[in-house]
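Down below is the structure, laid out as structure tokens.
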Amino acid sequence: MKHSIGWPPGLWVLGIAMHCVFALHCVPAAAQAPEPKSPPDPSDLLSLVLIQSDLSDATQTMTICDADEDGFIDAAERKRLAWRDEHATFDLNHDGKLTHLEVAIYLANQRDSLGITQFDRNNSQVFIKRHDTNRNGQLDADEIADGWPPDPSQFDKDADGIITAIEIAEQFAYKRVLRRELGIEAVDNMSAIKVMKKFDKDGDQNLDAKESAAAGLPLDIRGHDDNGDGKLNNIELAILFSKHRRELGLSKSDGVKAKRIIAMADFNQDGKISQDEMRGDAFSADGDASSQYTRFDANSDGTVTLGEVQTYIASERKQLGFSDEHIANARRLLLRHDTDRSTFIEPAELSSGASVPGKLPASTMKAADENKDGRLSLQELAKHLAKQQ
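In case it helps, mature numbering (1 follows the signal peptide of the UniProt record, and there is no 0) puts the sequence shown at residues -33 to -1, 1 to 356.
Right under this line is the structure:
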């Protein structure tokens, strides 16, 4: 049974974090007994990547459990840990005590096993802040009864009638992975949420034929109504936007960029930029921005739509010849090879002779150096990686 902790109004943010850690990691055994499970392999622990929430949660655990404030959780203080029976696995130096880092590694292992990222943690805190009216760091029964989440059972994994920030983060992580498997990126999901909120007039969390027509969707809904009910739910709508974006050749960042360009001047929020709105100072410091928007107005009707901006950016992406993933990999390889920090890769920085794992071979220079200046730029390397797929 989880316990509520009351916090003064000015400390509710800290209370959320401390209660979250307290509820999961630092309560008496009678309150929460850990489920039996196989201990992780030490090599797996060393491969974990710590994120900010692991470190901040570890700080809260140390604050609560390290009563003598000597920087360690010793055998006596360990009695407060719900995971005290697992402590030996995470006591990496085998001194019988737990340090801040060792606690953080435990938390990272738990989080990693649930697939939770920093994004999921941040997102969960947004919803806690929005719905936790009594500021005790969790959603109690009366708060859940106000309507969020629509299906509490999806979040309340232990069925105790309370939803914690960790349970919210876990569900968000699950949905994020599911969307990714369906080809849905965050930009597609946010587009679906925004359109649903604006055009779902009857509030049934679906777009019927009339509502879809009003929304001016870029693709025929009949090809995306997977359950055949004549409507689009949020997932079906997100898939529609994802398919449209990918068919145009837009990357994730391109999709975000297109929406931002519209948002910069769409003052009446009707989803397009009129001639009057073009006169706003969105692109130009001298106030004459209309000529900058003209490049997007493919049909020269004096109005710029999101579709026109997307098409324009898609043509730019095609000219670039690489995606977000390619440029990210190119940055990683540039950092690894560019020993003199010139922001280029020179021939001497490539692997000569036998192939070396993780290093680009000398032949990469000839294959990727488009301008033949004897060095590889970030863009040249990204193009080269794109061609290798």
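Note that CB positions come from ideal geometry on N, CA and C, so glycine has one too. Note that this is a predicted model, so its numbers are computed, not measured.
A straight-line Cα-Cα distance of about 11 angstroms links ARG284 and SER220. The DSSP-derived three-state label of VAL93 is helix.
LYS239 carries a strand assignment under DSSP once its states are collapsed to helix, strand and coil. If you look at ASN201, you'll find it in the alpha helix (DSSP H) that goes 201 to 215. Between GLU53 and PRO6, the gap from beta carbon to beta carbon is short of 8 angstroms. In this structure, the alpha-carbon of ALA126 lies about 17 angstroms from that of PHE139. In this structure, the beta-carbon distance from ASP21 to ALA75 falls below 8 angstroms. About 18 angstroms separates the CB atoms of PHE289 and TYR279; that is not less than 8 angstroms, and the two are not in contact. Taking a cut-off of 8 angstroms on C-beta distances, the segment 167 to 179 does not touch the segment 141 to 156, as fewer than three cross pairs fall below it. Counting every other CB atom within 10 Å of its CB across the protein chains shown gives ASN103 a total of 16 or more, marking it as buried. Under the three-pair Cβ rule at 8 angstroms, the segment 52 to 70 does not count as touching the segment 96 to 113. Closest by C-alpha distance to LYS142, out of ILE130, ASN201 and THR66, is ASN201. As computed with DSSP, LEU65 is found in a beta bridge with ILE40. The continuous stretches of alpha helix (DSSP H) do not include GLN121, and DSSP gives it neither H nor E. VAL70 counts as buried, since no fewer than 16 other beta carbons sit within 10 angstroms of its beta carbon. Assignment of THR131 by DSSP, reduced to helix, strand and coil, places it in the strand class. The shortest CA-to-CA distance from SER91 to any of THR261, ALA136 and PRO119 is the one to ALA136. Judged by DSSP in its simplified three-state form, ILE312 adopts strand. The beta-bridge partner set that DSSP reports for PRO328 consists of SER318.
The beta carbon of ILE72 is closer than 7 angstroms to those of LEU12, LEU15 and PHE57 in its chain, skipping five residues each way along the sequence.
Annotation: GLY325 to ALA297 spans about 12 angstroms, alpha carbon to alpha carbon.
Rounded to whole angstroms, the gap between the alpha carbons of SER218 and THR306 is 30 angstroms. In this model, ARG78 and VAL144 are separated by some 14 angstroms (Cα to Cα).
With a cutoff of 8 angstroms on beta-carbon distance, VAL271 and LYS224 are scored as not near each other. Residue environment analysis places ALA349 among the buried positions, since at least 16 neighbouring C-beta atoms fall within 10 angstroms of its C-beta. For THR30, the enclosing alpha helix (DSSP H) covers residues 19 to 32.
Taking 8 angstroms as the cut-off, the Cβ atoms of ALA132 and ILE95 count as close. According to the DSSP secondary-structure assignment, THR272 is paired through a beta bridge with LYS239. Taking a C-beta distance under 8 angstroms as the contact criterion, LYS210 and LEU186 qualify as a contact pair. Bounds of the alpha helix (DSSP H) holding SER158 are 153 to 166. Distance from ALA230 to MET245 at the Cβ level is roughly 14 angstroms; contact not present, criterion being Cβ atoms closer than 8 angstroms. Counting only the Cα atoms, SER330 lies some 9 angstroms from SER318. Annotation: LYS124 to ASN194 spans about 27 angstroms, alpha carbon to alpha carbon. Distances from the alpha-carbon of GLY183 to those of LEU343, GLY274 and ARG342 put GLY274 closest.
Here ALA25 is buried, its C-beta having at least 16 other C-beta atoms within 10 Å. Taking 8 angstroms as the cut-off, the beta carbon of GLY197 is found no closer than this to the beta carbon of ALA180.
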